[in-house]
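> One structure follows; several queries about it will come next.
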Amino acid sequence: TASRRLAPALDLDALLQERFGIPSFRPWQREAIDALLGEDRRVLLVAPTGGGKSLCYQLPAVALDGTALVLSPLISLMEDQVRALESRGVPATFFASTLPREEITRRFSALRRGAYKLVYAAPERLAFDGFLEALQASRLSLVAIDEAHCIVQWGHDFRPEYLRIGDALRRLAPSRVLACTATATREARDEIIRRLGWSVPGAEDAPSDLAGPSSQASPATARDAPRIILRGFARPNLHLEVRGVDGPRDAARWTARTLTSALGRPRTPKGAGIVYAATRKGTEKLATALRADGWNAEAYHAGLPPEVRARISTAFADRELHLVVATNAFGMGIDRADVRVVVHAQPPSSIEAYYQEVGRAGRDGLPASGVLLFSPADIALRRRMCQLGPDGGEASPLDAARAWQLFRELLRYVDAWTCRHDFILRYFGDEAESLGGCGHCDVCEALVASTTADPEALERDNDIVRRALAGVARVKGAAGMQLIGSMLVGESNERLRRIGLDKLSTFGVLPARTHAEAMMVLRVLLANGWIDLTDSEYPVPLITPAGWRVMRAEVPTRVRLPLGLSRRAIRPR
Ligand code: ADP
Ligand code: ZN
Numbered sequence: 010t011a012s013r014r015l016a017p018a019l020d021l022d023a024l025l026q027e028r029f030g031i032p033s034f035r036p037w038q039r040e041a042i043d044a045l046l047g048e049d050r051r052v053l054l055v056a057p058t059g060g061g062k063s064l065c066y067q068l069p070a071v072a073l074d075g076t077a078l079v080l081s082p083l084i085s086l087m088e089d090q091v092r093a094l095e096s097r098g099v100p101a102t103f104f105a106s107t108l109p110r111e112e113i114t115r116r117f118s119a120l121r122r123g124a125y126k127l128v129y130a131a132p133e134r135l136a137f138d139g140f141l142e143a144l145q146a147s148r149l150s151l152v153a154i155d156e157a158h159c160i161v162q163w164g165h166d167f168r169p170e171y172l173r174i175g176d177a178l179r180r181l182a183p184s185r186v187l188a189c190t191a192t193a194t195r196e197a198r199d200e201i202i203r204r205l206g207w208s209v210p211g212a213e214d215a216p217s218d219l220a221g222p223s224s225q226a227s228p229a230t231a232r233d234a235p236r237i238i239l240r241g242f243a244r245p246n247l248h249l250e251v252r253g254v255d256g257p258r259d260a261a262r263w264t265a266r267t268l269t270s271a272l273g274r275p276r277t278p279k280g281a282g283i284v285y286a287a288t289r290k291g292t293e294k295l296a297t298a299l300r301a302d303g304w305n306a307e308a309y310h311a312g313l314p315p316e317v318r319a320r321i322s323t324a325f326a327d328r329e330l331h332l333v334v335a336t337n338a339f340g341m342g343i344d345r346a347d348v349r350v351v352v353h354a355q356p357p358s359s360i361e362a363y364y365q366e367v368g369r370a371g372r373d374g375l376p377a378s379g380v381l382l383f384s385p386a387d388i389a390l391r392r393r394m395c396q397l398g399p400d401g402g403e404a405s406p407l408d409a410a411r412a413w414q415l416f417r418e419l420l421r422y423v424d425a426w427t428c429r430h431d432f433i434l435r436y437f438g439d440e441a442e443s444l445g446g447c448g449h450c451d452v453c454e455a456l457v458a459s460t461t462a463d464p465e466a467l468e469r470d471n472d473i474v475r476r477a478l479a480g481v482a483r484v485k486g487a488a489g490m491q492l493i494g495s496m497l498v499g500e501s502n503e504r505l506r507r508i509g510l511d512k513l514s515t516f517g518v519l520p521a522r523t524h525a526e527a528m529m530v531l532r533v534l535l536a537n538g539w540i541d542l543t544d545s546e547y548p549v550p551l552i553t554p555a556g557w558r559v560m561r562a563e564v565p566t567r568v569r570l571p572l573g574l575s576r577r578a579i580r581p582r
């Protein structure tokens, strides 16, 4: 709202058009800028790469008095931005250790004079007192932290220098701080917030020890929770699908079928495709099989010589090659807009990895599809991969556990049987863009098809969900999943009788179902976060607050249980 903006006279739209030559804001850009200039002042902006995050600090930097400090990990990135700003008449510069000493001195004195609107630097520069003093002398308008996830210690892009930022913020005490990242998991988000010396919104009073020994922040500062803006993750043109397969041969068959239906004939494909496999050997086998089908396909992985990899990337970018079968080593920097299909012949390591990889399809905004193939054997393979460190050695137990946890989130995605898009947006916390059913993922389509064929199907599935939830609630943690499954279908056995589950009103609430079906329903509850397993030696399910709301029918649920669906749509176990 207008009252929250800093200066009513500030016409941000005019500034956007005149200074940046951009016709209009994306809604979330405006939201982030308003938060930064308004009352919030501390903002964590999470949006996909290429979404336009830099504008959210560049524009305020131009609008405000003083100099903005932008912390960024890569010199090349800084150089590009500085060049672009200068070409628009915005005085900007960067500091890097690669510059000649005299040049650094010259820029220093210009900085002290307040000659720049923006100053870019890598966080290692924060180690120099002279730099911090010069910034203070120039009146800091704001501090922006680009690629803020580099502060996350267990993350892939961790940079130790980023750990300096928390301290520097305390010393500089800028009135506005914007942290930007494309990494959207809650865990990463929370760690960024804590390491910057803020507190996690909603978390109980958490001025944490993570900020390091010198975290002598005042209680008021420690409790400062940033405004989190997490947007732009929805990809409505992507058709998402998960398909259960029966081992590698079946996966190869479905890969070929999926490619044909998305791209047409192998020799004259319409657009490009990327197939991801979990291992190097897997990519080569699949590429060979696809070539035998007539596809012009190349395998791509980190084990190939650099010149081979470069040749493949270039051929793909130049549209001479249309199909690449790759490990996750392929994709960084691949910006081909007409990728029509991304097939995962094996599941990737996490939902984030999946969304990033599948997100390479349909960059042109035209319909594209992502198909995730899943075989029970893949779980064991991934389990072993989690135990390997990045260098091929053994991962630390903590890293292995973390990796496994991330993969289990992906298993939940496979099992949830709710709209695939909504699931992913929920996972990222981007509910604002959730559609309440996208209408065109495999689950939504099954839902529409089955409700058309059988108008009562949705209500019947919801009824099953509510009954199963009531069963879990009634057991109150006294039994594990298997026994609860037996109770729901009314199968009595000795263990069940010993706990007294046969006496509960929820004994046999799903009389027409088999134990296997009841187990599947329970997995759906788990995958949707309606029940949760305890962390104990014998994990037992408990109903969650979200589960209570569903059980009481306080919120609509759109889940399609794969009970009456054709067999091949059901993921084999
Ligand atoms: P990010 O930092 O989120 O990865 P960038 O800030 O580098 O993304 O922006 C990517 C591109 O999008 C840039 O070329 C930028 O000019 C463009 N862009 C940013 N905001 C808008 C907008 N509102 N409308 C059109 N293009 C935009
Ligand atoms: Zn959907």
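Following full-length UniProt numbering from start to finish, the sequence shown increments by one per residue and tops out at 582. Cβ coordinates follow ideal geometry from the N, Cα and C atoms, glycine included. Keep in mind the model is a prediction, meaning the values are calculated, not measured.
Can you tell me which of the three DSSP states R28 falls into?
Your numbering for residue 28 matches position 19 in the sequence shown. If DSSP states are grouped into helix, strand and coil, R28 belongs with the helices.
> Taking 7 Å as the cut-off, is the C-beta of G98 nearer than that to any heavy atom in ligand 1?
On the sequence shown, residue 98 is found 89 positions in, with the first residue counted as 1. No - ligand 1 has no heavy atom lying nearer than 7 Å to the Cβ of G98.
> Assign L572 to one of three DSSP states: helix, strand, or coil.
Sequence index remark: in the sequence shown, residue 572 carries index 563 (1-based). Correct three-state label for L572: coil.
> Once the 5 residues before and after E293 are set aside, which same chain residues still bring their CB inside 6 Å of it?
For this step, residue 293 is matched to residue 284 along the sequence shown. Around E293: A308.
> Beta-carbon separation of L419 and P356 under 8 Å?
Within the sequence shown, numbered from 1, the residue matching residue 419 stands at position 410. Within the sequence shown, numbered from 1, the residue matching residue 356 stands at position 347. Yes, these two residues count as a Cβ contact at 8 Å.
> Just grab the DSSP bridge partners of R51 for me.
Mapped onto the sequence shown, residue 51 falls at position 42. Beta-bridge pairing links R51 to V186.
> Should Q38 be listed as close to ligand 1, given that the test is whether its C-beta is under 7 Å from any heavy atom?
What you label residue 38 is simply residue 29 of the sequence shown in a count that begins at 1. Because some heavy atom of ligand 1 lies under 7 Å away, the Cβ of Q38 counts as near it: yes.
> On the DSSP letters alone, give me the boundaries of the beta strand (DSSP E) that F383 sits inside.
Stepping through the sequence shown from its first residue, residue 383 is reached at position 374. Per DSSP, F383 belongs to the beta strand (DSSP E) from 377–383.
> Nearest CA to the CA of P210: which residue from R51, G291, G123, A70?
Counting from one through the sequence shown, the residue named residue 210 turns up at place 201. The shortest Cα separation from P210 among R51, G291, G123, A70 belongs to R51.
> Just reading off the beta strand (DSSP E) that Y129 is part of, what are its end residues?
On the sequence shown, residue 129 is found 120 positions in, with the first residue counted as 1. Start and end: 127–130.
> Using only CA atoms, which one of D327, S378, R391 lies nearest to Q414?
On the sequence shown, position 405 is the one that residue 414 refers to. Checking every option, the nearest Cα to that of Q414 belongs to R391.
> Out of T553, D387, G59, R504, point me to the one whose CA is closest to R258's CA.
Within the sequence shown, numbered from 1, the residue matching residue 258 stands at position 249. The shortest C-alpha separation from R258 is found at D387.
> Ligand 1 and A56: does any heavy atom of the ligand fall closer than 7 Å to the residue's C-beta?
Indexing the sequence shown from 1 puts residue 56 at position 47. Indeed, a heavy atom of ligand 1 lies less than 7 Å from the Cβ.
> Tell me whether L205 sits in a helix, a strand or coil according to DSSP, three-state version.
Position 196 of the sequence shown, counted from the first residue, corresponds to residue 205. Coil.
> If contact is defined by three or more beta carbon pairs under 8 Å, each pair taking one atom from either stretch, is the region 57–64 in contact with the region 21–39?
In short, these stretches touch, since the Cβ pair count reaches three.
> With 16 as the cutoff for other CB atoms within 10 Å, does E329 come out buried or exposed?
Residue numbering aside, residue 329 sits at position 320 when the sequence shown is read from its first letter. It counts as exposed.
> Is N537 buried or exposed, if buried means 16 or more other CB atoms sit within 10 Å of its CB?
Position 528 of the sequence shown, counted from the start, is the residue given in the question as residue 537. So N537 counts as buried.
> Is Q162 buried or exposed, if buried means 16 or more other CB atoms sit within 10 Å of its CB?
Residue mapping note: residue 162 aligns to position 153 of the sequence shown, counting from 1. Per the 10 Å Cβ criterion, exposed.
> When the Cα of R148 is compared with those of G123, F140, I160, L135, which residue comes out closest?
Here residue 148 corresponds to residue number 139 of the sequence shown, with the count starting at 1. Of the candidates G123, F140, I160, L135, the one whose C-alpha sits nearest the C-alpha of R148 is G123.
> Our contact map puts V517 next to G499 with C-beta atoms below 8 Å; I'd like the distance itself, whole angstroms only.
On the sequence shown, residue 517 is found 508 positions in, with the first residue counted as 1. On the sequence shown, residue 499 is found 490 positions in, with the first residue counted as 1. For the sequence presented, residue 517 should be read as Gly rather than Val. Contact holds; Cβ gap of about 3 Å.
> Can N305 and L272 be called in contact, C-beta distance under 8 Å?
Start at 1 with the first residue of the sequence shown, and residue 305 comes out as number 296. Start at 1 with the first residue of the sequence shown, and residue 272 comes out as number 263. No; because the gap between Cβ atoms is not below 8 Å, this pair is not in contact.
> For P581 and P571, what's the separation of their Cα atoms in angstroms?
Counted from its first residue, the sequence shown places residue 581 at position 572. Counted from its first residue, the sequence shown places residue 571 at position 562. Because P581 sits at a pLDDT of 37, beneath the cut-off of 50, its placement in the model cannot be relied upon, and the following sentence gives the value as read from the coordinates. Distance between the alpha carbons of P581 and P571: 12 Å.
> DSSP three-state call for D541: helix, strand or coil?
Here residue 541 refers to the residue found at position 532 when the sequence shown is read from its first residue. In the structure shown, D541 sits in a strand (DSSP, three-state: E or B).
> For R123, does the three-state DSSP call read helix, strand or coil?
By 1-based counting over the sequence shown, the position of residue 123 is 114. Sequence check: residue 123 is Gly here, not Arg. Correct three-state label for G123: coil.
> Can you look up R349 in the DSSP assignment and give me helix, strand or coil?
In the sequence shown, the residue the question calls residue 349 occupies position 340. In the structure shown, R349 sits in a strand (DSSP, three-state: E or B).
> Taking 7 Å as the cut-off, is the CB of K62 close to at least one heavy atom of ligand 1?
Your numbering for residue 62 matches position 53 in the sequence shown. For ligand 1, at least one heavy atom lies less than 7 Å from the Cβ of K62.
> Once DSSP output is grouped into helix, strand and coil, what is the label at C354?
As a first step, residue 354 is located in the sequence shown; it is residue number 345 there, counting from the start. Reading off the sequence shown, one finds Ala at residue 354, where the question assumed Cys. Three-state result, A354: coil.
> Please work out which residues of its chain come closer than 8 Å, Cβ to Cβ, to I113, disregarding the five sequence neighbours upstream and downstream, and give them in chain order.
By one-based count along the sequence shown, residue 113 stands at place 104. Excluding sequence neighbours, I113 sits near F104.
> Spell out the partners DSSP gives R252 in its beta bridges.
Residue 252 sits at position 243 when you count from the first residue of the sequence shown. Beta-bridge pairing links R252 to L382.
> Would you call the CB atoms of L483 and D451 closer than 8 Å?
As a working note, residue 483 is residue 474 in the sequence shown. As a working note, residue 451 is residue 442 in the sequence shown. In the sequence on display, residue 483 carries Arg and not Leu. Not closer than 8 Å, so no.
> If the criterion is Cβ atoms closer than 8 Å, does the pair E366 and G340 meet it?
The sequence position of residue 366 within the sequence shown is 357, counting from 1. The sequence position of residue 340 within the sequence shown is 331, counting from 1. Yes, the pair counts as a contact, with Cβ atoms nearer than the cut-off.
> Verify whether the separation of the beta carbon atoms of V350 and L268 is less than 8 Å.
Translated into positions along the sequence shown, residue 350 becomes position 341. Translated into positions along the sequence shown, residue 268 becomes position 259. Yes.
> So, are the CB atoms of L513 and M496 less than 8 Å apart?
Working through the sequence shown from its first residue, we reach residue 513 at position 504. Working through the sequence shown from its first residue, we reach residue 496 at position 487. The answer is yes: Cβ separation under 8 Å.
> Do P132 and I174 come within 8 Å of each other at the CB atom, strictly closer than that value?
As a first step, residue 174 must be located in the sequence shown, where it is residue number 165. As a first step, residue 132 must be located in the sequence shown, where it is residue number 123. Taking 8 Å as the Cβ cut-off, I174 and P132 qualify as a contacting pair.
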